[in-house]
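Student:
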Amino acid sequence: MASVGGNEPVNLLSCDGGGIRGVSELVILDAVMKRIQELKELEDVPRPCDYFHLIGGTSTGGLLAIMLGRLEMSTEEALAAYDDFARDIFSHKRHFWTRFVEQYKAESLEQTVRQLVRDKGVGVLMRNQKSTVDTGHAFVCTMPEQKHKEMVRFRTYEISSDKYPHLLIYQAARATTAATTFFRPMPIHDDEGTKENFIDAALGTNNPATICLEEARELFGSERELNCVVSLGTGTRQKELDKYGRRGPLSQIKYLVSSVMLMKELSTDSEKVHKALEKQFDDYGKSYFRFNVDGGAQDISLADWKKMDELKERTKKYLEIAEVKKSINELVDAILQPNHGLRIGNVLRIDKNTTIPKQPRQTQRGTSSRIFTGRENLLKRLGQHFQPREPGNTSRREFQIHGMGGVGKTQIALKFTERNAQSFRHILWIDATDTVTIYQSFQKIALGILDEMDEKKSVQIVLHWLEDTDEDWLLVFDNAPDSGLSQYLPSGDQGNILYTTRHPYLKPRLRPDWVMSVDVMELQDATELLLRSAELPAYNRANWELAKLIVRELGYLPLAIDQAGAYINRAPCPLEQYLDVFRKQKEELLKNPKFEGGDALRDIAVYATFDVSLRAIKACAGKKAGMRRVEDAQAALKLLNMICFYHNEGHLHKIFEHAALERFKTDRDKYYPLRAGHVRLDEFVKTAQSKITPNTPDGQEWLAYHWLLGAQFLHEYSLIKFDNSICYVNMHVLVHNWARDCMSNKERSDWGLAARCALMDSLHLHNDVRNIIHRREMLPHLEACQRYADFDHPDLGLESEYKGLMGKLFLQNGRLEEARKAYEKAFDYRKLEFGLMHAGTCSALSQLAKIHQNQGNYAQAEELRAEVIDRRRLLHWETKWEVSQQNQPNRGKREQFHQPDFYSEELLEDYLLRGDTLALIEIYLERHQLRAAEVQLSRILKWKQIKYGADSGEAREAQIRLIKVQKFQQMGYLEDVPEGLTIEQAQNRFDLATAGRDSLDPVVIIAKERLARVLIEHKIYIPATELLESAYISRGLLYGKNSIECAHALYKYAGLLKQQNRVYEAQDHYEDALRKYNDILGSRHSKTLECTYAIAECYALRARYAEAAACAAASYDGQRDVLGPDHLATRSSAHFLRQWSHWDEMLPDWLKVQYKNQAAKATKTALGDHAPQWIREWDFVDTDKIQQAHLVLGDLQWPKYTVVTVDGYKFGQITLDGTATKTDTVPMSFEEAEDIIKRVEKVLKCD
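Take 1 as the starting number for the sequence shown in full-length UniProt numbering and just add one per residue.
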């Protein structure tokens, strides 16, 4: 028969059978309709018959189909009616002796349906007389009592083979619900008078979704577009066979009954049909939806009406599941904005690649957006390419515009054709989305220009005309595919052709200068577009600043900006609130925008533009294996699913390259295959044997083939930008979000974990240049993984390694709190997996102690270090015991075996214990526990003397450290101890350490700092300064400018500048270091406070004592709280705080000028012409003249320097010795003296 109704895509609703459990289907459908009500802002809950074109059901599902379709009930009405008749029908069972045939009275069901029909007043016949209505058609499934293989459908619409046109509604309801043993069969006469008994069709077709598709083909035709199929279930349950009993006839009867019930359960199982359809629809996007409460039917029989409320509650909880909510939203999006090109015939045909001609749907040329903004440089380039021709020049000109979906390619083409309409006699627009739209576009041209209409020959007619005409024409192929257009191009060498496409390369390719890439908008244009779309004034500064934030969040994508502006204008939504709304409802707004943008003809959801590319890639990946580019497409899909969990741009190949090499070295490739669920991803992390080179020191290289082809394929479909020359990937932020939003919760978990595993596999603990730089570059990707895929690996041993690597990465990048949490997790997991007495557990605890030390939590760090040393000592003892038992079994009791002391030279042989001991010494020094530090340093010195010799460099280094601490205890202040090396010896050590190493190698950097220390001892400052500056620059390049290593190096460099009295430069660098320390360690860390005090000293050396006192006060307040009031640093800050607070008034101006002169001169001498202008123009007033001037004026004073001892610590102090006289004076007038004092005042204010 001919298809009915209009041409809109159809929505199908299928309802399973299940007795009173059908109420679960109504609750689910009610949630869908209320969501539609919310989005469309309707006063009442809409009726399913207004949105579903066909509703079908079996048994209780058939009854629902009649209520919702034929009786046109809302879900609220249906729920109320369902509650009533379920109680009326199933609350009274028939007499015991009749229950084996009919448990409940069929008359009760008939009377209930009859009453519903009377109440609705829509007629009594099943056949609906409103044949012109396109929605709300319904059918029910039943079967003849004696012909169980024959399916009969009672319909509300006309079908040529239908034998029951005069069937009553109640008869259809009785027949479809006549479940065996529940209701007696329903006798019905066909149109010829033949009587037949009918029962429900639950046995075999309890899920009528496939039947629904077949009916849709009969009703609407194969060519009708199919939007969505919704299948509702009545809940799943587990049914097991009872154990076989051998003790008597009763148990055997129970076993037989159980077998019969299990067979019935299997025959009415709805999930088989669902799984088959799910697989069938897999390649068609979000077209098929199944809702069925897992475990909803458990312990609830078909007639257990008293448990209906319990079932409703189970269903409501099911609807609260995040993935179910997402599916509901996707279904509503599909209903309100159909966006498939799927045909009913496509689904029902065996070959899913068979195409069926579609109804006309090509997009006409139309006009550009009413709010088109910017793009002038692109339009200018198009204008230059298609500029007016030279006389006699008719050669063909072609041009390609390519870019991602939503970037505005079509709008640029439209605007160009509008501006240049006078340059071409004919502008012909071809919608090149697919072959159907191309043919439709040519048909329109043939009819509109040539007044010819031949559907089969329209392409040839138009092409021949273009080949023969002398008039200049422009042929625009909008949304062109990458290949296959040659047959639609006119032959010859005349005319003009413009292509808009997502593909960077067309076949055949155009000349490079005939191709233009369209990127996202510039900030200025994007902001203006948003405000124009929102109809807000651009001159308002507040609007402009808010709009800039919004367009940045939208990635400057024109389509997203246009639709955001429409939402702001028409929702309405205040501009300042949009970002909050967008972040909370991002997926909803991008998948189903509530308001169209400036071009209503082409308005499409942002996510839908990306879906087009994804469907094309999936279509290619789904072709037969071995076909051209199938493997590339499959690799592209896998790669897309992984990289969307990393940062949206960067050298992503390094993750897979490092992961491949590390997995090979650690054998993870053997024991932990890289996979996402059941999808293997090993092709991305394969290695092959190669020659040993500096780039492949392990003789292995990464096989990048699949990764590169996958990335290139994604680039060709504009889902990423991929610069093959440097392997740089850039994925638009909205594509980045879309790729994850496309996934179900299970898929997101599987692919997110796979992405995280690859990233963690790429990390290594080694501190060589390659690994340090890699850890620095991986920080944004790890942050993205934690944000989008924070899933732990189920193997605790492996996950503990991952947490350790994560802690290392965070620690290196100065993210101490995140590092602490990672190491705590690593320790917890290793403790669970390996126990406390394990080397790996000790290592995690050691790293945790290091984090606390770096954070300034010295008490906690000391406690953890002591615990680590104790555990390592016990492990050392355990190992020795096991070795002794292997060599001399039964040597003695375990308890009698010698245990080394807690701190002993014997334990220092263990490099891990030695490292922990040195770390503990650092903590002692930080906490000013000098005696404890001295004891441990003495043991270190003794061990090194025995190990390396008393005159060795190692022993000398340990001795210097020990002497420093001893002098500190004796003298009350730190004093540098010479290393005792000549410059030649130090240079030789430096050359030996750095030979053959990269300039960024940590060994080279440390060697520079050690050589600088020796040069400083010999007062050779300029080369030492250059070395420390080089070390600082190298640490910045290696670890990053904002790293803790860079901050430490900068602090050292500033210290040497201060030592040379170059305090202006030193202070600048100290302040830079202070910013880094503040960001990394926090304002209350001892190192931050130490740096603050160093800045105070710089102020003091510049004779700016008020500022010096303020910095000293800040340092003192923090040190008192962090280090305690008795710490040397605290006492030093307190002393100079008191002194500098009085010096500004106390010290004579000539002494202040002397300090300033010295600082300015040191900087000017060091920097020369590179010094700041104010330094180069410094007025060096001679201090002798200042003293003479004061002598003339009668107020000359002399300072007195003394060393004072405060609480056992020695400090320098300056006091004034009263008015003084000078004997070696030069005659000076009173006026000259006053002029000099005025110059002094200017000098004191100049910096």
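Glycine is no exception: its CB is placed at the ideal position from the N, C-alpha and C atoms.
(1) Report back the beta-carbon spacing between Phe656 and Ala755 to the nearest angstrom; my notes put them in contact at under 8 angstroms.
(2) Residue range of the beta strand (DSSP E) that Trp229 falls in?
(3) With the cut-off set at 8 angstroms, would you say Thr367 and Glu418 are in Cβ contact?
(4) In three-state terms, what does DSSP make of Asp723?
(5) To which residues of the same chain is Ser701 closer than 7 angstroms at the C-beta, ignoring the five residues directly before and after it?
(6) Under the rule that 16 or more other beta-carbon atoms within 10 Å means buried, what is Lys584, buried or exposed?
(7) Give the DSSP-derived three-state secondary structure of Met743 in the structure shown.
(8) Please report the straight-line C-alpha distance between Phe220 and Thr210, rounded to a whole angstrom.
(9) Express the C-alpha separation of Glu313 and residue 1280 in angstroms, rounding to a whole number.
(10) I need the DSSP call for Cys644, collapsed to helix, strand or coil.
(11) Out of Ala784, Ser762 and Ala1162, which one is the CA nearest neighbour of His774?
(12) Scan the region 103-179 and note each continuous alpha helix (DSSP H) run of 4 residues or more that stays entirely inside, going in chain order.
(13) So, do the region 187-197 and the region 119-127 have three or more beta carbon pairs nearer to each other than 8 angstroms?
(14) Check whether chain D comes within 8 angstroms of Arg787, counting only Cβ atoms and requiring the distance to be less than that.
(15) Taking C-alpha atoms, which residue in Ile344, Asp451, Ser491 and Ala432 lies nearest to Arg397?
(16) Contact between the region 853-872 and the region 1075-1090 is defined here as three or more beta-carbon pairs at a separation below 8 angstroms; is this criterion met?
(17) Going by DSSP, what residue range makes up the alpha helix (DSSP H) through Ile401?
(18) Do Ser14 and Thr234 come within 8 angstroms of each other at the CB atom, strictly closer than that value?
(19) Going by alpha carbons, who is nearest to Arg217 out of His189, Asp282, Pro9 and Pro46?
(20) How about Ala635 and Cys620: are their beta carbons less than 8 angstroms apart?
(21) With a cut-off of 8 angstroms, do at least 3 Cβ pairs link the region 384-398 to the region 457-467?
(22) Between the alpha carbons of Ala1007 and Arg668, how many angstroms are there, rounded?
(23) Measuring alpha carbon to alpha carbon, tell me which of Ala616, Ala276 and Gln400 ends up nearest Thr433.
(24) Taking only the alpha-carbon atoms, compute the straight-line gap between residue 1251 and Gly57 and give it to the nearest angstrom.
(25) How many whole angstroms separate the CB atoms of Tyr578 and Ile550, which I take to be in contact at a CB cut-off of 8 angstroms?
(26) Under 8 angstroms by Cβ, that's how I've got Ser231 and Arg290 pegged, so tell me the actual separation to the nearest angstrom.
(27) So is Thr1223 buried or exposed if we call it buried at 16+ other beta carbons inside 10 Å?
(28) What does the alpha-carbon distance come out to for the pair Thr354 and Asn346?
(29) Are the CB atoms of Tyr1099 and Ala1108 nearer to each other than 8 angstroms?
(30) Between Thr156, Ile169 and Ala1112, which has its C-alpha nearest Ala1134's C-alpha?
(31) Looking only at C-alpha atoms, which of His658, Ala1129 and Arg871 sits nearest to Lys1087?
(32) Do you know offhand how far Leu531's Cα is from Leu637's?
(33) How many angstroms separate the CA atom of Ala1166 from the CA atom of Arg997?
(34) The beta strand (DSSP E) that contains His189, what's its start and end?
(35) Could you give the DSSP three-state label for Asp16: helix, strand or coil?
(36) Under the three-state reduction of DSSP, which class applies to Leu1081: helix, strand or coil?
Tutor: Straight from the coordinates:
(1) Actually they do not touch by this definition, with Cβ atoms about 10 angstroms apart.
(2) Going by the sequence as given, residue 229 is Val instead of Trp. Its beta strand (DSSP E) spans residues Leu226 to Leu232.
(3) yes
(4) strand
(5) Looking at the sequence itself, residue 701 is Glu, so the reference to Ser does not match. Excluding sequence neighbours, Glu701 sits near Thr687, Ala688 and Ser690.
(6) exposed
(7) coil
(8) 15 angstroms
(9) Coverage of the chain is limited to positions 1 through 1247, which leaves residue 1280 absent and any answer about it impossible.
(10) coil
(11) Ser762
(12) 106-120 and 169-176
(13) no
(14) This model lacks chain D altogether, as it is built from one protein chain only.
(15) Ser491
(16) yes
(17) No alpha helix (DSSP H) contains Ile401, which is instead part of the beta strand (DSSP E) from Arg397 to His402.
(18) no
(19) Pro9
(20) no
(21) no
(22) 36 angstroms
(23) Ala616
(24) Past the edges of the chain, shown from 1 to 1247, lies residue 1251, and the structure says nothing about it.
(25) 6 angstroms
(26) 5 angstroms
(27) In this prediction, Thr1223 has a pLDDT of 46, which is less than 50 and means its spatial position is unreliable; what the coordinates show is noted afterwards. So Thr1223 ends up on the exposed side.
(28) At Thr354, the pLDDT of 40 sits below 50, so the modelled position is not reliable and the matter cannot be decided from this model.
(29) yes
(30) Ala1112
(31) Ala1129
(32) 37 angstroms
(33) 31 angstroms
(34) Met186 to His189
(35) coil
(36) coil
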